[in-house]
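Peer 1: Below: one structure in structure tokens.
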Amino acid sequence: ARCHDHKFDPIPTEDYYSLAGIFKSTHALFGGSGAGVRQTSRLIELQDGRKEPVGQKTDYAKLIVAKQAELKSLNKKVAGLKKELKGKYREDPIYKETISRIKKTQAAVKKNQAKLANSKKQTGPLAMGAREGEPGDAKVHIRGNVTTLGKVIPRGFPQVFDFSDLKIDSARSGRLQLADWITDPANPLTPRVLANRVWHHLFGRGIVRTVDNFGQTGERPSNQPLLDHLAVRLLENEWSVKKLIREVVLSRAYRMSSVHDLANARIDPDNALFWKMNQRRLDAESMRDAMLSVSGHLILSPADGSPVQKIDGNIGRDPEQLEELRKAQLDNRSLYLPVARQAIPEVLKTFDFAEPSIIVGRRDVTTVPTQALFLLNSDFVITQARGLAERLSSMDEDSRIDHAFRLLFARPPSSSEMARTQTFLADCLHNEESAIEAWTTVCQALLASAEFRYLN
1 ARCHDHKFDP IPTEDYYSLA GIFKSTHALF GGSGAGVRQT SRLIELQDGR KEPVGQKTDY
61 AKLIVAKQAE LKSLNKKVAG LKKELKGKYR EDPIYKETIS RIKKTQAAVK KNQAKLANSK
121 KQTGPLAMGA REGEPGDAKV HIRGNVTTLG KVIPRGFPQV FDFSDLKIDS ARSGRLQLAD
181 WITDPANPLT PRVLANRVWH HLFGRGIVRT VDNFGQTGER PSNQPLLDHL AVRLLENEWS
241 VKKLIREVVL SRAYRMSSVH DLANARIDPD NALFWKMNQR RLDAESMRDA MLSVSGHLIL
301 SPADGSPVQK IDGNIGRDPE QLEELRKAQL DNRSLYLPVA RQAIPEVLKT FDFAEPSIIV
361 GRRDVTTVPT QALFLLNSDF VITQARGLAE RLSSMDEDSR IDHAFRLLFA RPPSSSEMAR
421 TQTFLADCLH NEESAIEAWT TVCQALLASA EFRYLN
């Protein structure tokens, strides 16, 4: 066993198996029910009166009532048929066929009764959870071969961290002890890693640039006292990320301009000490939300249900349903979009959305031709451009231009930008384009600009 990110750190093979034993002793229960869920969770039942998502597949209360009414009707029908046919037509083919159908109906009724009995156990909507499994330690897989097992390794924590003397009871999985170990105030890594990730998302680069690697092959902190201060503040505020973000964004460092300074650049050309704000592109989710916001289409609340729930069967094996999911029109914040690995919305995938199947602490930021083509041809971008054009349609021309620039760039247009936009609109109208089409083109050009996509 060896970690992909920490191949050269002092973590022996036994340490990986000591952690693996904890998860081996944990029983995960997947929320939901139906044919595609083999481990239906009965651990966490959601509160009564909780708003149900659209597309909930099974309403057990209604199902029970319907099946009981069906059963009563079938029993009455069977009794009537028996009475009518008793002593008559015993050798008649129609009689024999009818009896055969009755027996099949009775078998189906019994099967439905069994389903109803099972469905009564599920009293409401359920959520994914976990519970204690059968406690047990893991054996070393020699050279990673699952059929060649070595010695048993007791459940525990990496030996390189000697700050804690937590022990795992032989009758427990060790999940609680692992959580306590990770959040122990004496743990030197957890608060620093979390504080560094918060800084990375706010400034575009972490104090430790290798946000996923604090080990031997990772970079050293550019400002160790600052990282330590943020970690201490995080602990003092009881791990409140919200409070940490508030402190950072109210700081002078966060409020600095991204304007270049030659004297500072000579001393710190890489801006490792954050003497200015880094210029950075909006991440995929922020870019999508910004487009929806300026067009007036953005819905700030979560979607009422998920399109994933409306799909029957295995999502990953049905190309038609995957395509339907990709084309699902949701104008809610990107935070609330369902993430299906094979059906990432095109606007997110084009602008370096994180790979959902792995943990990504730092995303790649690419500039490739497909992004320009997307901004020129995407139905999503054109729809938002038209929405913005319609939003501005009640104003006079100069006010429209001014308001568009303020909405997208947080500044008024320069005199040259105003003149060029007016000339373009006049040319479009001279060529008998409708006003809304001309303005849609202008708005799309503004949405596709680098100034809209980058934070300066």
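The sequence shown begins at 1 in our numbering and counts up by one.
Glycine is no exception: its CB is placed at the ideal position from the N, C-alpha and C atoms.
Is it right to say Y17 is buried, meaning 16 or more other beta carbons lie within 10 angstroms of its own, or is it exposed?
Peer 2: That one is buried.
Peer 1: Decide yes or no for the touch test of the region 193-210 against the region 240-257: beta carbon pairs closer than 8 angstroms, at least 3 of them.
Peer 2: Touching, yes.
Peer 1: What three-state label does DSSP hand I22 in the structure shown?
Peer 2: The answer is helix: DSSP assigns I22 an H, G or I state.
Peer 1: Using C-beta distances below 6 angstroms, list every residue in its chain close to I299, excluding the 5 sequence neighbours before and after it, in chain order.
Peer 2: So the list reads D331, N332, once near-sequence residues are dropped.
Peer 1: Exposed or buried, what is R341 when buried is set at 16 or more other beta-carbons lying within 10 Å of its beta-carbon?
Peer 2: By the 10 Å Cβ count, R341 comes out exposed.
Peer 1: Hey, K276 and S258: beta-carbon distance below 8 angstroms or not?
Peer 2: Yes.
Peer 1: Using CA atoms only, rank isn't needed, just tell me which of P185, G156, F163 is closest to R172.
Peer 2: Residue G156 is the option with its Cα nearest to R172.
Peer 1: Counting pairs of Cβ atoms below 8 angstroms between the region 371-386 and the region 408-422, do you hit three or more?
Peer 2: These segments do not touch.
Peer 1: From the DSSP output, in three-state form, read off A28 for me.
Peer 2: It is a strand residue.
Peer 1: Could you tell me the distance, in whole angstroms, from the CA atom of G206 to the CA atom of I64?
Peer 2: If you take the alpha carbons of G206 and I64, they lie about 56 angstroms apart.
Peer 1: Would the beta-carbon of D212 fall within 8 angstroms of that of R362?
Peer 2: The answer is yes: Cβ separation under 8 angstroms.
Peer 1: Helix, strand or coil for I64, going by three-state DSSP, please let me know.
Peer 2: Looking at I64 - three-state DSSP - the assignment turns out to be helix.
Peer 1: G129 lies in the beta strand (DSSP E); which residues open and close that run?
Peer 2: Unbroken beta strand (DSSP E) run through G129: 129-132.
Peer 1: Kindly give me the distance between the Cβ atoms of T26 and G133, rounded to whole angstroms, as I take these residues to be in contact under 8 angstroms.
Peer 2: Contact holds; Cβ gap of about 5 angstroms.
Peer 1: Is DSSP giving H141 helix, strand or coil here?
Peer 2: Three-state DSSP puts H141 in a strand.
Peer 1: Quick one: residues in its chain with C-beta nearer than 7 angstroms to the C-beta of I22, no 5 flanking neighbours on either side, listed in chain order?
Peer 2: Correct list, in chain order: R155, S173, G174, R175, L178.
Peer 1: Tell me which residue opens and which closes the beta strand (DSSP E) that G150 is part of.
Peer 2: G150 -> beta strand (DSSP E) spans 149-153.
Peer 1: Identify, in the order they occur along the chain, each residue of the same chain with its Cβ nearer than 6 angstroms to the Cβ of V54, setting aside the five sequence neighbours on each side.
Peer 2: Caution is warranted here: a pLDDT of 46 is assigned to V54, below 50, making its placement in the model unreliable, and the coordinate value is therefore given only provisionally. The answer, listed in chain order, is D304, G305.
Peer 1: State the CB to CB distance for the pair V152 and D169, rounded to an integer number of angstroms; the pair is presumed to be in contact (CB under 8 angstroms).
Peer 2: In fact, because the Cβ distance is near 17 angstroms, the residues do not count as touching under 8 angstroms.
Peer 1: Using the Cβ count rule (16 or more neighbours within 10 Å means buried), how would you classify P413?
Peer 2: Per the 10 Å Cβ criterion, buried.
Peer 1: List the DSSP bridge partners of I299.
Peer 2: Per DSSP, N332.
Peer 1: Would you check if the distance between the CB atom of A284 and the CB atom of D364 is smaller than 8 angstroms?
Peer 2: Contact flag unset, no.
Peer 1: My understanding is that V78 touches I102, with C-beta atoms under 8 angstroms, so please give their C-beta distance in whole angstroms.
Peer 2: At roughly 6 angstroms, the Cβ-Cβ gap stays under 8 angstroms, so V78 and I102 are in contact.
Peer 1: Can you grab the Cα-Cα spacing for the pair N456 / R406, in whole Å?
Peer 2: For N456 and R406, the distance between alpha carbons rounds to 15 angstroms.
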